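For what it's worth, UniProt numbering labels the leading residue of the sequence shown as 1, then goes sequentially. Accompanying notes for the structure given below.
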Amino acid sequence: MNSLISKQAQLAAKSFTNLNWDRLAQNIVDKAFSLIMTILIFFLILGIGKRIINSIFHNTKRITLLGGSHRAETFHSIILNIYRYTCYFFFLYAILSLIGVPIGTLIAGAGIFSIALGLGAQGFVSDVVNGFFILLEQQIDVGDIVQIGTIKGTVKAVGLRTTQVLGSDGTLTFIQNRNITMVQNFSRHDLTANVDIAITTKTPLNELKLVVENLTDEIMNDFDNLTSQPQIIGPTTNQNGQLVYRIMITAKSGTQTVTASKILARYLQAAQQAQIELQTTSHYPIN
């Protein structure tokens, strides 16, 4: 037994001594150089491709024929994602090949790995398929104001796997496409908002109505985002049970809240000049 161990030790020592260290060092240097060049070429191709895609979408007006600027931005986001994933795939394949990993044999022979990869890819395939139908059915576009589940905000990107939604507080949420089952899109049609003027039981309603009507033409001229004349609803109560004089406006999507606030200020100022008694002990909510 000791003799066998001694012989193996001698063979190992002889093999170690007979190594061609110059050739080994040269191989290591060649491999390292190839890896560095591959990485540089990858980032070069990735950067050039992104520049070309961005240039096409930013400088070519024909892209808007896809259905408007928001639609073009959506296609822009999708194409960038496809290009990036494709580059990463070939980069990984090139790196594994350079370090001597037999890709074909590994994939064909590693049954357990293939099964695990297949199970893991199910979620990815679901994301891609659902993302494709979201794009095909034009459910959302980049720039739309949407609510997906409990997340509400502006769509910043639509990718192969995820959709990015930016909330009003600056939170960027990544939603996997397979989890998008119901979408509320607030950007496809004009939206309404209520302008509520808080009043009392002593407020002269006829005088207040006259003030509101006299401001109609001025408001329509000053607010281009209004799509129709303000509609006078009249005295009612708001969600807090307060007595209010309500005017309903219809504005372009995304502008209705700010517009309602500015129009409310106009009404209040005009009512004050006309010395109309209003409710002054509470705030003026905009629903």
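All residues carry an ideal CB built from backbone N, CA and C; glycine is no exception. On a predicted model such as this, the values are computed, not experimentally measured, just so you know.
- With contacts defined by Cβ atoms closer than 8 Å, THR250 and THR192 form a contacting pair.
- Membership of ILE247 in the beta strand (DSSP E) is indicated by the continuous run 243 to 251.
- Linking PHE132 to ARG23 through their CA atoms gives a straight-line distance of about 52 Å.
- Looking at the DSSP output, PRO235 shares a beta bridge with TYR245.
- In this structure, VAL142 lies away from ILE151, with their beta-carbon atoms at least 8 Å apart.
- Going by DSSP, ASP222 is part of the alpha helix (DSSP H) stretching over 216 to 222.
- Within 10 angstroms of the beta-carbon of LEU226 lie 16 or more other beta-carbons, which makes it buried.
- For PHE186, the closest alpha carbon among the candidates ALA198, LEU160, THR154, GLY123 is that of THR154.
- Listed in chain order, the non-local C-beta contacts of PHE42 below 7 Å within the same chain comprise CYS87, PHE91, local neighbours out to five positions each way being set aside.
- The stretch 197 to 205 makes no contact with the stretch 252 to 259; the number of CB pairs closer than 8 Å stays below 3.
- A distance of 8 Å or more separates the beta carbons of GLN272 and ILE247.
- Secondary structure at ALA274: coil, using DSSP grouped into helix, strand and coil.
- Annotation: the UniProt domain "Mechanosensitive ion channel MscS" (125 to 188) contains no complete segment of the alpha helix (DSSP H) (minimum length 4 residues).
- According to the DSSP assignment, ASN194 belongs to the beta strand (DSSP E) that extends over 191 to 198.
- A Cβ-Cβ contact shorter than 8 Å links SER34 with LEU98.
- Burial state of TYR267 is buried, judged by a 10 Å Cβ sphere holding 16 or more other Cβ atoms.
- Rounded to whole angstroms, the gap between the alpha carbons of THR74 and GLN139 is 11 Å.
- Contact between ASN177 and ASP144 does not hold, since the beta-carbon distance rounds to 15 Å and is not under 8 Å.
- Taking ILE276 as the centre and dropping the five residues before and after it, the same chain places the C-beta of THR203, PRO204, GLU207, LEU208, VAL211 closer than 8 Å to its C-beta, in chain order.
- Within its own chain, the residues whose Cβ lies closer than 8 Å to the Cβ of THR38, once the five positions on either side in sequence are excluded, are PHE91, ALA94, ILE95, LEU98, listed in chain order.
- With contacts defined as CB atoms closer than 8 Å, THR162 and ILE175 qualify as a contacting pair.
- Listed in chain order, the non-local C-beta contacts of GLY254 below 6 Å within the same chain comprise ILE145, local neighbours out to five positions each way being set aside.
- Cβ atoms of ALA157 and SER55 stay farther apart than 8 Å, at about 19 Å.
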